[in-house]
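Engineer: I have a structure here, written as structure tokens, and I will follow up with some questions on it.
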Amino acid sequence: MAEHKKKEIIGYYTDDGSIYCVDCVLKTQEQIRKEIEKAITAEDTEKELYFCDGCKKEM
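Residue numbers (our numbering): -15 to 43.
Next up, the structure:
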């Protein structure tokens, strides 16, 4: 049987062709978390519809 070696992810391409290393992606995620003012819960969606600004999906 052929042994499958898991490939380590070292970075990501974006749709616009930019390349980011894993450290920068993780740092950006942490910055976004700090900027979030209030969490949206399922109870909130009973009162109002919410849509993701990134992908436009209804939450």
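By construction, the Cβ of each residue, glycine as well, lies at the ideal position given by its N, Cα and C atoms.
On the DSSP letters alone, give me the boundaries of the alpha helix (DSSP H) that C5 sits inside.
Structural biologist: No alpha helix (DSSP H) contains C5, which is instead part of the beta strand (DSSP E) from I3 to C5.
Engineer: Using a Cβ-Cβ distance cut-off of 9 Å, determine whether D28 contacts chain B.
Structural biologist: Here chain B cannot be found, since the structure has a single protein chain.
Engineer: Taking Cβ to Cβ, would you say L33 is nearer than 9 Å to E42?
Structural biologist: Yes, these two residues count as a Cβ contact at 9 Å.
Engineer: Would you tell me roughly how many angstroms separate the C-alpha atoms of K(-11) and T29, rounded to the nearest one?
Structural biologist: So the two alpha carbons sit approximately 43 Å from each other.
Engineer: What are the residues that DSSP puts in a beta bridge with G(-5)?
Structural biologist: According to DSSP, which records beta bridges pairwise, G(-5) is partnered with C5.
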